[in-house]
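Participant: Please see the structure below; I have some questions.
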Amino acid sequence: MSDYLVIVESPAKAKTIERYLGKKYKVKASMGHVRDLPKSQMGVNVENNFDPKYITIRGKGPVLKELKTAAKKAKKIYLAADPDREGEAIAWHLAHSLNIDIDSDCRVVFNEITKEAIKESFKHPRSINTDLVDAQQARRILDRLVGYNISPLLWKKVKKGLSAGRVQSIAVRLIIDREKEINEFKPEEYWSINADFVKGSKQFEATFYGIDQKKKPLHNEQEVKGIISNLNKDDYYVKKVTKKEKKRKPASPFTTSLLQQEAARKLNFRAKKTMMIAQQLYEGIEIGKEGTVGLITYMRTDSTRVSQTAQDEAKQYIESKYGEDFIGDNIQKKSSSSNAQDAHEAIRPTSSLREPTSIKEYLKRDQYRLYKLIWERFVSSQMAPAILDTMSVDIDNNGITFRATGSKIKFPGFMKVYVEGSDDKTEDKNKMLPPLKEGDQVFSSDIEPKQHFTQPPPRFTEARLVKTLEELGIGRPSTYAPTLDTIQRRGYVALENKRFIPTELGQIVLELIMEFFPEILNVEFTAKMENELDEIEEGKIPWVQIINEFYEGFEKRLHVAEEEMEKVEIKDEPAGVDCEECGHPMVYKMGRYGKFMACSNFPDCRNTKPIVKEIGVKCPTCSEGNVVERKSKKKRIFYGCDRYPECEFLSWDKPIARKCPKCNEMLVEKRLKKGIQVQCVSCDYKEEQQS
Numbered sequence: 001m002s003d004y005l006v007i008v009e010s011p012a013k014a015k016t017i018e019r020y021l022g023k024k025y026k027v028k029a030s031m032g033h034v035r036d037l038p039k040s041q042m043g044v045n046v047e048n049n050f051d052p053k054y055i056t057i058r059g060k061g062p063v064l065k066e067l068k069t070a071a072k073k074a075k076k077i078y079l080a081a082d083p084d085r086e087g088e089a090i091a092w093h094l095a096h097s098l099n100i101d102i103d104s105d106c107r108v109v110f111n112e113i114t115k116e117a118i119k120e121s122f123k124h125p126r127s128i129n130t131d132l133v134d135a136q137q138a139r140r141i142l143d144r145l146v147g148y149n150i151s152p153l154l155w156k157k158v159k160k161g162l163s164a165g166r167v168q169s170i171a172v173r174l175i176i177d178r179e180k181e182i183n184e185f186k187p188e189e190y191w192s193i194n195a196d197f198v199k200g201s202k203q204f205e206a207t208f209y210g211i212d213q214k215k216k217p218l219h220n221e222q223e224v225k226g227i228i229s230n231l232n233k234d235d236y237y238v239k240k241v242t243k244k245e246k247k248r249k250p251a252s253p254f255t256t257s258l259l260q261q262e263a264a265r266k267l268n269f270r271a272k273k274t275m276m277i278a279q280q281l282y283e284g285i286e287i288g289k290e291g292t293v294g295l296i297t298y299m300r301t302d303s304t305r306v307s308q309t310a311q312d313e314a315k316q317y318i319e320s321k322y323g324e325d326f327i328g329d330n331i332q333k334k335s336s337s338s339n340a341q342d343a344h345e346a347i348r349p350t351s352s353l354r355e356p357t358s359i360k361e362y363l364k365r366d367q368y369r370l371y372k373l374i375w376e377r378f379v380s381s382q383m384a385p386a387i388l389d390t391m392s393v394d395i396d397n398n399g400i401t402f403r404a405t406g407s408k409i410k411f412p413g414f415m416k417v418y419v420e421g422s423d424d425k426t427e428d429k430n431k432m433l434p435p436l437k438e439g440d441q442v443f444s445s446d447i448e449p450k451q452h453f454t455q456p457p458p459r460f461t462e463a464r465l466v467k468t469l470e471e472l473g474i475g476r477p478s479t480y481a482p483t484l485d486t487i488q489r490r491g492y493v494a495l496e497n498k499r500f501i502p503t504e505l506g507q508i509v510l511e512l513i514m515e516f517f518p519e520i521l522n523v524e525f526t527a528k529m530e531n532e533l534d535e536i537e538e539g540k541i542p543w544v545q546i547i548n549e550f551y552e553g554f555e556k557r558l559h560v561a562e563e564e565m566e567k568v569e570i571k572d573e574p575a576g577v578d579c580e581e582c583g584h585p586m587v588y589k590m591g592r593y594g595k596f597m598a599c600s601n602f603p604d605c606r607n608t609k610p611i612v613k614e615i616g617v618k619c620p621t622c623s624e625g626n627v628v629e630r631k632s633k634k635k636r637i638f639y640g641c642d643r644y645p646e647c648e649f650l651s652w653d654k655p656i657a658r659k660c661p662k663c664n665e666m667l668v669e670k671r672l673k674k675g676i677q678v679q680c681v682s683c684d685y686k687e688e689q690q691s
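The sequence shown runs 1 to 691 under full-length UniProt numbering.
And the structure:
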């Protein structure tokens with residue numbers, strides 16, 4: 001018989017913690033929530049202060065029975081769910097199910113699963129924080145009131161299986177509004193003049209800046225011709241040289257949204273995948289003789305705060321690895337968001353001394369890549385700024401100014417470990433310029449005018465959308481990944497080339513919600529709701545008050561919508577071809593993996609076909625078929641013969657309509673980090689890389 005019973009959410013977490021606590025403790029997993037609102041009904045009594053009706057979740061009976069049996073044998077029970085609203089709610093539900101006094105010291109919380117953190121947390125148990133529970137309960141009830149009232153309306157008026165929610169509706173709106181911006185965008189012409197200059201044996205680039213040291217934009221070709229015609233050959237002199245020392249500070253440690261953004265940029269991870277792997281790293285991985293170890297701190301946080309202990313350990317590592325000069329000033333950085341709750345630390349490794357390479361053999365490939373990203377980001381955040389020597393040179397010819405800029409790293413600082421990624425994949429072309437001083441003559445080897453057009457705003461990637469939602473104060477760390485997953489599963493948006501595009505269904509649903517429930521799509525209203533949920537957590541407002549204020553207006557709109565919302569018929573778009581099995585027209589449908597063709601005679605005929613796109617290349621294997629672009633189930637583009645399965649030609653790289661000049665085999669476009677390169681599949685022939 002164990003003296004103490006500890007209940008956590010997952011078996012992996014239970015295994016790690018039991019090892020740290022010793023024989024007197026039995027650690028069991030609840031497998032998440034054991035109680036919830038029923039799926040078959042709203043489960044909220046709007047007539048009685050929105051009293052929720054909780055039931056045991058289907059399938060959780062045996063788990064609850066096992067926990068009750070273990071609870072009877074234990075002298076004391078500790079509830080050790082995650083340290084956030086959701087975890088507090090799980091502990092509260094377990095307390096009710098196991099008849100534990102919520103005011104007793106039954107709750108244990110920790111930000112990392114390490115021996116020291118676990119042992120320390122059990123020295124300071126506390127009662128269940130009902131304010132945290134109320135905040136989670138208020139969010140759950142709000143979402144239930146919205147979802148279980150609007151969704152049935154959408155089923156009746158549009159199609160079955162649709163849903164509406166506060167955060168997901170805002171996300172869809174952002175994507176649709178961006179698409180409108182793109183469609184309505186009118187490009188404006190502008191020009192640049194690039195020049196190659198030579199000083200001695202050194203060559204460098206400069207760009208037209210202006211006239212008489214004043215910046216001048218170039219709007220059309222006539223202006224460019226006028227500038228070039230006024231240049232005197234070989235009459236270029238250095239007018240001004242500016243040298244500066246510039247400090248570049250490291251990025252802060254990861255919050256949840258920052259981790260999702262950077263994992264998307266650097267590792268090509270979807271938000272859902274990032275959180276799944278982060279959960280594994282947090283709960284514990286078997287690391288050789290060390291046993292099961294929690295490798296990172298809790299991964300749902302909006303704080304960039306770091307404990308003094310973690311800072312001191314990082315300082316120790318940096319000094320021993322790189323030297324004292326590389327240690328940062330250890331000034332605590334502010335949270336990245338004004339809405340940050342600062343409930344616990346930033347996401348960081350549980351030990352800076354545990355280098356990624358030292359544990360690589362124990363981790364799966366993606367676990368290693370994400371751990372390495374988190375480790376490098378944290379260690380670099382504790383390092384000294386990088387110092388760059390920058391140089392700007394103005395070159396004059398008849399009053400016409402060209403400007404060249406350059407930089408070189410004087411002291412790498414944090415850049416020795418990590419440099420933050422960017423959504424805008426612009427290459428930093430800055431290089432150090434040759435030694436120049438005022439009055440020096442330089443010679444032009446080439447003057448190249450270029451026409452440009454302004455570009456529309458980019459479509460949202462998952463990273464951009466998470467960043468925008470956070471900046472607007474919509475959602476919280478635990479909501480980003482599920483929101484992105486939901487809007488795709490419902491068919492409201494699709495991902496094309498890793499960017500969101502709205503579907504017709506998404507636009508129809510959004511228009512209906514906009515017409516009848518405008519507050520759901522109001523960014524300020526939704527952000528205000530999030531802040532009010534935070535105030536519930538802080539004990540400033542009763543949760544029933546917030547729900548009641550929302551429901552008064554919502555209920556009125558609901559009655560209007562039920563009477564006035566018209567039925568919408570979504571017609572399938574003709575595909576322009578007939579079904580080869582029954583002769584009926586094929587139509588485009590939207591499925592889980594994007595658009596596909598299906599027979600309009602469904603369900604009598606269930607013929608479906610993928611949408612293929614010809615690329616203008618004959619199949620190199622059979623010479624009869626054409627190479628077409630296809631998509632795998634994971635939405636990765638590949639190329640194959642349209643005569644498949646008769647011809648099984650397949651290529652992940654895009655074939656082109658030219659043969660290799662060396663061996664006459666197929667040439668393909670190889671996608672590299674910095675552009676596209678044409679290569680031969682058979683020999684070593686390569687062409688110059690295109691950006």
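Idealized CB from N, CA, C, for every residue including glycine. Remember, it's a predicted structure, so these values are computed and weren't measured experimentally.
#1: What does the alpha-carbon distance come out to for the pair V6 and D105?
#2: How far does the alpha helix (DSSP H) with A314 in it extend, from its first residue to its last?
#3: Could you tell me if P661 is buried or exposed, where buried requires 16 or more neighbouring beta carbons within 10 angstroms of its beta carbon?
#4: Can you look up L495 in the DSSP assignment and give me helix, strand or coil?
#5: Tell me the DSSP bridge mates of K654?
#6: When you compare the stretch 491 to 505 with the stretch 284 to 302, are there three or more beta-carbon pairs, one atom per stretch, that lie closer than 8 Å?
#7: Have a look at P585, T292 and N626 and flag the residue whose alpha-carbon is nearest the alpha-carbon of I17.
#8: If you pair each beta-carbon of the stretch 35 to 53 with each one of the stretch 111 to 128, do three or more pairs fall below 8 Å?
#9: Only counting the same chain, and skipping five residues up and downstream in sequence, which positions put a Cβ closer than 6 Å to that of M391?
#10: Looking at the strands, I want to know which residues DSSP matches up with residue 714.
#11: Drop a sphere of 10 angstroms on the beta-carbon of D82, count the other beta-carbons inside from all chains shown, and report buried for 16 or more, exposed for fewer.
#12: Who pairs with V393 in a beta bridge, going by DSSP?
#13: Give me the Cβ distance between P655 and Y639, rounded to the nearest whole Å; I'm assuming they're in contact under 8 Å.
#14: What did DSSP end up calling V419 once you bin it into helix, strand or coil?
#15: Would you grab the beta carbon distance between L64 and K28 for me? Rounded to a whole angstrom, and I think it's under 8 Å.
#16: Please classify D642: does DSSP put it in a helix, a strand, or coil?
#17: Beta-carbon separation of T207 and F443 under 8 Å?
#18: Go through its chain and collect everything with a Cβ distance to K13's Cβ below 6 Å, but skip five positions before and after it.
#19: Given S307, which residues of its chain have a CB within under 7 Å of its CB, disregarding the five upstream and five downstream residues?
#20: Within 10 angstroms of the Cβ of N111, are there 16 or more other Cβ atoms? Answer buried if so, exposed if not.
#21: So for V34, helix, strand or coil by DSSP?
#22: Give me, in chain order, the residues of the same chain whose beta-carbon lies closer than 7 Å to that of S336; leave out the 5 immediate sequence neighbours on both sides.
#23: Here's a check: name, in chain order, each residue in its chain whose Cβ is nearer than 8 Å to the Cβ of K156, leaving out the five neighbours to either side.
#24: Please report the distance separating the alpha-carbon of R658 from that of V678.
#25: Between the Cα of residue 741 and those of N220, R178, K186 and R35, spot the shortest distance and give me the residue it belongs to.
#26: Measuring alpha carbon to alpha carbon, tell me which residue in W375, A138 and P412 is nearest G323.
#27: Going along the chain, which residues of its own chain have a beta-carbon closer than 8 Å to the beta-carbon of G539, five neighbours each way excluded?
#28: Could you check where the beta strand (DSSP E) with H452 kicks off and where it finishes?
#29: Apart from the five residues just before and just after P52, which ones in its own chain have a Cβ nearer than 7 Å to its Cβ?
#30: Around the Cβ of K60, are there at least 16 other Cβ atoms within 10 angstroms (buried) or fewer (exposed)?
#31: Grab me the residues of F525's own chain with a C-beta within less than 7 Å of its C-beta, minus the 5 sequence neighbours each way, in chain order.
#32: Determine, using beta carbons only, whether E573 and V587 come nearer to each other than 8 Å.
#33: Enumerated in chain order, which unbroken segments of the alpha helix (DSSP H) with a length of 4 residues or greater are wholly contained in the stretch 38 to 91?
#34: Mind checking who I193 pairs with in its DSSP beta bridge?
#35: Can you have a look at residue 716 and say buried or exposed, based on whether 16 or more other CB atoms are within 10 angstroms of its CB?
#36: Could you pull the start and end residues of the beta strand (DSSP E) that P610 belongs to?
Facilitator: To lay it out plainly:
#1: The residue you call residue 6 lines up with position 6 of the sequence shown. The residue you call residue 105 lines up with position 105 of the sequence shown. So the two alpha carbons sit approximately 13 Å from each other.
#2: To locate residue 314, count along the sequence shown from 1; it is residue 314. Segment Q308 to Y322, the alpha helix (DSSP H) holding A314.
#3: Taking the sequence shown and counting its residues from 1, one reaches residue 661 at position 661. Result: exposed.
#4: The residue you call residue 495 lines up with position 495 of the sequence shown. The answer is strand: DSSP assigns L495 an E or B state.
#5: Taking the first residue of the sequence shown as 1, we reach residue 654 at position 654. Answer is E669, bridged to K654.
#6: no
#7: Sequence index remark: in the sequence shown, residue 17 carries index 17 (1-based). Checked all of P585, T292 and N626; the closest Cα to I17 is T292.
#8: no
#9: In the sequence shown, counting from the first residue as 1, residue 391 sits at position 391. Around M391: K243, G406 and L433.
#10: As displayed, the chain neither begins before 1 nor continues past 691, which places residue 714 out of reach and without an answer.
#11: Here the question's residue 82 lines up with position 82 in the sequence shown. Per the 10 Å Cβ criterion, buried.
#12: Your numbering for residue 393 matches position 393 in the sequence shown. According to DSSP, which records beta bridges pairwise, V393 is partnered with V241 and A404.
#13: In the sequence shown, counting from the first residue as 1, residue 655 sits at position 655. In the sequence shown, counting from the first residue as 1, residue 639 sits at position 639. Rounded, the Cβ-Cβ distance is 6 Å, consistent with contact.
#14: Position 419 of the sequence shown holds residue 419. Correct three-state label for V419: coil.
#15: Mapped onto the sequence shown, residue 64 falls at position 64. Mapped onto the sequence shown, residue 28 falls at position 28. Actually they are not in contact, since the Cβ atoms of L64 and K28 sit about 11 Å apart, beyond 8 Å.
#16: Translated into the one-based positions of the sequence shown, residue 642 becomes position 642. If DSSP states are grouped into helix, strand and coil, D642 belongs with coil.
#17: As a first step, residue 207 is located in the sequence shown; it is residue number 207 there, counting from the start. As a first step, residue 443 is located in the sequence shown; it is residue number 443 there, counting from the start. No.
#18: Stepping through the sequence shown from its first residue, residue 13 is reached at position 13. Counting only Cβ-Cβ distances below 6 Å, and skipping sequence neighbours, we find E283.
#19: Sequence index remark: in the sequence shown, residue 307 carries index 307 (1-based). Only E345 meet the Cβ criterion.
#20: Within the sequence shown, residue 111 is the residue found at index 111, counting from 1. It is buried - the Cβ of N111 has at least 16 other Cβ atoms within 10 Å.
#21: Position 34 of the sequence shown holds residue 34. Of the three classes helix, strand and coil, the one that applies to V34 here is coil, per DSSP.
#22: Indexing the sequence shown from 1 puts residue 336 at position 336. Residue placement at S336 cannot be trusted, given a pLDDT of 44 that sits under 50; what the coordinates show is reported in the next sentence. S252, T255, L258 and T304.
#23: For the purposes of this step, residue 156 is taken as residue 156 along the sequence shown, with counting starting at 1. K567, listed in sequence order.
#24: Position 658 of the sequence shown holds residue 658. Position 678 of the sequence shown holds residue 678. Those two C-alpha atoms are separated by around 10 Å.
#25: Outside the displayed span of the chain (1 to 691) sits residue 741, for which this structure offers no information.
#26: Looking up residue 323 in the sequence shown gives position 323. It is P412.
#27: Here residue 539 refers to the residue found at position 539 when the sequence shown is read from its first residue. These residues qualify, in order along the chain: D131.
#28: By 1-based counting over the sequence shown, the position of residue 452 is 452. Element bounds for H452: Q441 to F453.
#29: Taking the first residue of the sequence shown as 1, we reach residue 52 at position 52. Only L37, G43, V44, Q137 and I141 meet the Cβ criterion.
#30: Counted from its first residue, the sequence shown places residue 60 at position 60. Its Cβ being crowded by 16 or more others within 10 Å, K60 is buried.
#31: Position 525 of the sequence shown, counting from 1, holds the residue named residue 525. Answer for F525: E519, listed in chain order.
#32: The residue labelled residue 573 in the question sits at position 573 within the sequence shown. The residue labelled residue 587 in the question sits at position 587 within the sequence shown. In this structure, V587 lies closer than 8 Å to E573 by Cβ.
#33: 61 to 73
#34: Sequence index remark: in the sequence shown, residue 193 carries index 193 (1-based). Answer is P449, bridged to I193.
#35: Residue 716 is absent from the structure shown; the chain starts at 1 and stops at 691.
#36: By 1-based counting over the sequence shown, the position of residue 610 is 610. T608 to P610 is the extent of the beta strand (DSSP E) around P610.
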